[in-house]
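Peer 1: Top to bottom, those sequences are chains A and B. Using our numbering, you'd call the opening residue of the first sequence number 1 and step up by one each time. Using our numbering, you'd call the opening residue of the second sequence number 1001 and step up by one each time.
There are 2 protein chains.
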Amino acid sequence: MPNVGVLGIGLIGGSIAKSLPNSVIVWDSQENAMQVAQASGIKIATSLDDLVNTVDVLVIAVPFAAFDAVFAGVQAAAARREKPIVVTNVLSVMNPVEVTEPNVLFVAGHPMAGTENSGFAAAKAGLFEGATWVLEKHQAEVESLIAKLGAKGVTMPAGLHNESVARISHLPHVLAAAQLLATPEDDEIFGLAASSFRDSTRVAATKAELTAGMVTNNREQVLRAIEALQGVLEEFAEALEKRDDQEVFDMFERAKLIRDENL
Amino acid sequence: MPNVGVLGIGLIGGSIAKSLPNSVIVWDSQENAMQVAQASGIKIATSLDDLVNTVDVLVIAVPFAAFDAVFAGVQAAAARREKPIVVTNVLSVMNPVEVTEPNVLFVAGHPMAGTENSGFAAAKAGLFEGATWVLEKHQAEVESLIAKLGAKGVTMPAGLHNESVARISHLPHVLAAAQLLATPEDDEIFGLAASSFRDSTRVAATKAELTAGMVTNNREQVLRAIEALQGVLEEFAEALEKRDDQEVFDMFERAKLIRDENL
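#1: Within the continuous alpha helix (DSSP H) that includes His173/A, where are the two ends?
#2: So Ala122/A contacts chain B; which residues on that side make the cut at Cβ distance below 8 Å?
#3: Over what stretch of residues does the beta strand (DSSP E) that includes Ile25/A continue unbroken?
#4: Taking the DSSP output, what are the residues bridged to Thr155/A?
#5: Which stretch, first to last residue, makes up the beta strand (DSSP E) that contains Gly1109/B?
#6: For Asn1095/B and Phe1236/B, what's the separation of their Cα atoms in angstroms?
#7: Am I right that Thr54/A and Gly119/A are in contact with their C-beta atoms under 8 Å? What's the rounded C-beta distance?
#8: Can you name, in chain order, every residue of its own chain whose Cβ lies under 6 Å from the Cβ of Thr1132/B, other than the five neighbours on each side?
#9: Count the other CB atoms, across all protein chains shown, that sit within 10 Å of the CB of Thr206/A; report buried if there are 16 or more and exposed otherwise.
#10: Mind reading off the beta-carbon distance from Val1057/B to Leu1145/B? Whole number of angstroms is fine, and I expect it under 8 Å.
#11: Which runs of the beta strand (DSSP E), 3 residues or longer, sit entirely within the stretch 1019–1060 of chain B?
#12: Starting from Ile1168/B, find everything on chain A with Cβ-Cβ shorter than 8 Å and list it in chain order.
#13: Hey, out of Ile1016/B, Glu1227/B, Ala1239/B, whose CA is closest to Ala1121/B's CA?
#14: In its own chain, which residues sit with a C-beta less than 6 Å from the C-beta of Ser164/A, not counting the 5 before and 5 after it?
#15: Can you grab the Cα-Cα spacing for the pair Leu48/A / Gln38/A, in whole Å?
#16: Roughly how many angstroms lie between the CA atoms of Val1203/B and Gly73/A, to the nearest whole one?
#17: For Thr100/A, count neighbouring C-beta atoms within 10 Å of its own C-beta (all shown protein chains included) and say buried if the count is 16 or more, exposed if not.
#18: Tell me whether Ile85/A sits in a helix, a strand or coil according to DSSP, three-state version.
#19: Quick check on the burial criterion: 16 or more other C-beta atoms within 10 angstroms. Buried or exposed for Leu257/A?
#20: So, are the CB atoms of Asn1103/B and Ala1065/B less than 8 Å apart?
#21: Measuring straight from C-alpha to C-alpha, what distance separates Gly1010/B and Ile1168/B?
#22: With DSSP as the reference, please indicate the residues paired to Phe1106/B in a beta bridge.
#23: What residues in its chain sit with their C-beta under 8 Å from that of Ile226/A, if we drop five residues either side in the sequence?
#24: Along the stretch 100–131 of chain A, where does the CB come closer than 8 Å to a CB of chain B? Name the residues.
#25: Under the three-state reduction of DSSP, which class applies to Gly1014/B: helix, strand or coil?
#26: Answer yes or no: does any C-beta atom of chain B fall closer than 8 Å to that of Asp68/A?
#27: Residues in the same chain with beta-carbon distance under 7 Å from Glu129/A, minus the five sequence neighbours each way, listed in chain order, please.
#28: Any idea which residues DSSP pairs Val6/A with across the strands?
#29: With a threshold of 8 Å on Cβ separation, who are the neighbours of Val215/A within its own chain once the five nearest residues in sequence on each side are excluded?
#30: Taking just the CA atoms, how far does Val93/A sit from Ala255/A?
#31: Should Lys1256/B be flagged as near chain A, meaning a C-beta pair shorter than 8 Å?
#32: Looking at C-alpha atoms only, which residue of Val24/A, Gly14/A, Glu141/A is the closest neighbour of Pro84/A?
#33: Classify Asp1199/B: buried if its beta carbon has 16 or more other beta carbons within 10 angstroms, exposed otherwise.
#34: Is Ser1092/B helix, strand or coil when you go by DSSP?
#35: Since Met251/A meets chain B, which of its residues come closer than 7 Å, beta carbon to beta carbon?
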């Protein structure tokens, strides 16, 4: 019997299901996604209530805009359970979640894996192999699931998590979009784009709902990250304007050292 | 007999030699690089003079800092030739080159290919397959060489080339470095780095001499590119501060459209 429920089978939820087809049962509000999942051998629940009643651990894998309503539905369904259910999510920002149902044990989670694609079709088994998966606190059942998916569980307070992802995920998304918006739309210019431009704008191909969701749900930290970057860009521009080429070299050299040591 | 000379066998020059080992003869001021090249079956000249005397087409594949001195040496050697020699280069900025020797026919060139690695060891056959190779004007012998390397020759005035590469190559290098310099050096933060951060900072692993060289040799255009990007970042920050989430979404949506259509 599957004891892990996955609610929402887009890229992340679908990849959990495809990675552990024998342990997982899923539900999604989109009937056609459910049919595709079922055709690929994944068990499907008959309703959100059925899903919540069937499993011990539930992963809510819906985007920011849907989370509050879905979580309210989960709490209502959990109230009819005899024993508690462990619930986690996969949002890229850990904001406070109001738990009103004693039967719900909630822990925020965030798998640091993904691609610029979305939807069940883009989901794949093994997506989480070797990836870091952040939890706001230890929770045995969720950590066991993370281990089964081949990911590395890390616990971190929500605040530090949000600051970190603003720097290493949300800012790159903003910069990818900003570079495209700042480039004159000219075939000759885009025609020269090689790997540096392709790589540095890759994540701009992500669905705008998802990117806007992460940034607006982590507003203060993203604003700080943008501000810090603007400061460094200002230093680059000043060094170039003053023709201080040694300083330009030194900045690139420091950056290379940081990358070589940390990535 | 080889009729193409390659002066400097780092990543670019070495890749030309490895791609066309039967047509190319090389020279490099570093004796040990020459020995490695010879051991891999590439013909080597005995001196810069020997190289210039042997071939009809010469690719100067040295970095910015070395170019002027090397080009002076090439002009002096070419003065002793009976017939003209075609000379091109592979710098990422097309700045004016003063040709004083009538025997030298110079055309600036820039292959839009490369990696964050450097040196003959990183060079590889086939590096230019499918890549765009910009020339400032048509030149039959150089275009023939480009075609043999599997690259797509494109002619473009130096000014438009420099503006374009500032946007699609030099700015990504500045942003990669700036992101690393703006990130607090904290193991927990870097520990979360997934593909978006790795990709958007990949080119910061380039040797600082090369990156600083491209940026300081294209100073005005890079400053304009930084300024344009700063303007867009300011728009992102303002929309976030005003909680205008529709505008944030619209910016990501426009960027995605530009990328999907142009890359």
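Glycine included, every Cβ here is placed at the ideal spot set by N, Cα and C. In this text, all values refer to a predicted model and were calculated from it rather than measured experimentally.
Peer 2: So, from the data block:
#1: Boundaries of the alpha helix (DSSP H) harbouring His173/A: 171–182, taken from the DSSP string.
#2: Within 8 Å Cβ-Cβ: nothing; Ala122/A doesn't reach chain B, min ~14 Å.
#3: Its beta strand (DSSP E) spans residues 24–27.
#4: Leu135/A, per the DSSP bridge assignment.
#5: Start and end: 1109–1111.
#6: Cα-Cα distance, rounded: 35 Å.
#7: Under the criterion of beta carbons closer than 8 Å, Thr54/A and Gly119/A do not qualify as touching, at roughly 24 Å.
#8: Only Met1112, Lys1152, Val1154 meet the Cβ criterion.
#9: Its Cβ being crowded by 16 or more others within 10 Å, Thr206/A is buried.
#10: Contact between Val1057/B and Leu1145/B is confirmed by a C-beta separation of about 6 Å, below the 8 Å threshold.
#11: Complete beta strand (DSSP E) runs here, min 3: 1024–1027, 1057–1060.
#12: Per Cβ cutoff of 8 Å: Thr183, Ile189, Phe190, Leu192, Ala193, Ala194, Ser196, Phe197.
#13: If we check each option's Cα against that of Ala1121/B, Ile1016/B comes out closest.
#14: Short of 6 Å from the beta carbon of Ser164/A, and not among the five residues preceding or following it, lies no beta carbon of its own chain.
#15: Leu48/A and Gln38/A have their C-alpha atoms some 16 Å from each other.
#16: Roughly 46 Å separates the two Cα atoms.
#17: With fewer than 16 Cβ atoms within 10 Å of its Cβ, Thr100/A is classed as exposed.
#18: Ile85/A sits in a strand when the DSSP states are folded into three classes.
#19: The residue is exposed, with fewer than 16 neighbouring Cβ atoms inside 10 Å.
#20: Inclusion of Asn1103/B and Ala1065/B in the CB contact set at 8 Å is not warranted, their separation being larger than that value.
#21: When rounded, the distance between both Cα atoms is 23 Å.
#22: Val1087/B.
#23: Excluding sequence positions up to five before and after Ile226/A, its CB lies within less than 8 Å of the CB of Leu171, Val174, all in the same chain and listed in chain order.
#24: Listed by position, the residues of the stretch 100–131 of chain A near chain B (Cβ gap below 8 Å) are Met112, Ala113, Gly114, Thr115, Ala131.
#25: Correct three-state label for Gly1014/B: helix.
#26: No, Asp68/A lies away from the interface with chain B (no Cβ there is under 8 Å from its Cβ).
#27: Residues Gly150 of the same chain have their beta carbon placed closer than 7 Å to that of Glu129/A, with the five preceding and five following residues left out of the count.
#28: Note: Val6/A sits in a beta bridge opposite Val26/A, Val59/A.
#29: These residues qualify, in order along the chain: His170, His173, Val174, Val222.
#30: Looking at the two C-alpha atoms, the distance is approximately 27 Å.
#31: Lys1256/B counts as touching chain A.
#32: With respect to the C-alpha of Pro84/A, the residue from Val24/A, Gly14/A, Glu141/A having the closest C-alpha is Glu141/A.
#33: Buried, by the Cβ-count rule.
#34: Ser1092/B carries a coil assignment under DSSP once its states are collapsed to helix, strand and coil.
#35: Within chain B, the C-beta atoms nearer than 7 Å to that of Met251/A come from Ala1177, Leu1181, in chain order.
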